[in-house]
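Here's the structure we're looking at; comments come further down.
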Amino acid sequence: MENQSKTSPVMQDAEIVTEKIKQVVTSPVVQKAKVITMSFTEVISEVLTGKRVTRLEWDNKEDYGFMFNTILCIHKSDDPNNPPKHWAINDGDLEAKDWISF
Numbered sequence: 641m642e643n644q645s646k647t648s649p650v651m652q653d654a655e656i657v658t659e660k661i662k663q664v665v666t667s668p669v670v671q672k673a674k675v676i677t678m679s680f681t682e683v684i685s686e687v688l689t690g691k692r693v694t695r696l697e698w699d700n701k702e703d704y705g706f707m708f709n710t711i712l713c714i715h716k717s718d719d720p721n722n723p724p725k726h727w728a729i730n731d732g733d734l735e736a737k738d739w740i741s742f
């Protein structure tokens, strides 16, 4: 009598499930979150709700704009001893599309 190795139906199902899982599993590399940028007109709405705003070009979250007592202010990290100043909006600010809020 031949000794044939037969797998049980349960084992076959387990192998099928394992194979399907292997097809679904993605790389273990962590995906970076996509940063959503805004125009100046969009980001001003964020300022009005109390959020701080900055530009990706500034490359520093310590440089940010915010509203204080109905006055648009800017905080600059290179000037830590001085209080925030009134923010004089320029063409670069108005035309930029790399604004983010936090």
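Numbering (the working numbering), first residue to last: 641 to 742. Just so it is clear, CB atoms sit at the ideal spot from N, CA and C, and this is done for glycine as well.
Worksheet item: Who are the near neighbours of aspartate 733 in its chain, counting only those whose CB is closer than 7 Å to its CB and skipping five residues on each side?
Response: As a first step, residue 733 must be located in the sequence shown, where it is residue number 93. Within the same chain, aspartate 733 has close Cβ partners Phe680.
Practice prompt. Starting from phenylalanine 680, follow its DSSP beta bridges and name the residues at the other end.
Written response: Locating residue 680 in the sequence shown gives position 40, counting from the first residue. In the DSSP output, where bridge partners are listed per residue, phenylalanine 680 has none listed.
Worksheet item: If we cut at 8 Å on Cβ distances, does tryptophan 698 have a partner in chain C?
Response: Absence of chain C from the displayed structure is noted, only one protein chain being present.
Fill in: Contacting residues, own chain, Cβ-Cβ under 6 Å from serine 717 (five flanking each side not counted)
Residue mapping note: residue 717 aligns to position 77 of the sequence shown, counting from 1. Excluding sequence neighbours, serine 717 sits near Asn700, Glu702 and Asp703.
Fill in: Helix, strand or coil at tryptophan 727 according to DSSP, with G and I counted as helix
To locate residue 727, count along the sequence shown from 1; it is residue 87. Of the three classes helix, strand and coil, the one that applies to tryptophan 727 here is coil, per DSSP.
Worksheet item: Residue range of the beta strand (DSSP E) that tryptophan 739 falls in?
Response: Residue numbering aside, residue 739 sits at position 99 when the sequence shown is read from its first letter. Start and end: 739-741.
Item to complete: Give the DSSP-derived three-state secondary structure of glycine 732 in the structure shown.
Response: The count along the sequence shown starts at 1 and reaches residue 732 at position 92. Three-state result, glycine 732: helix.
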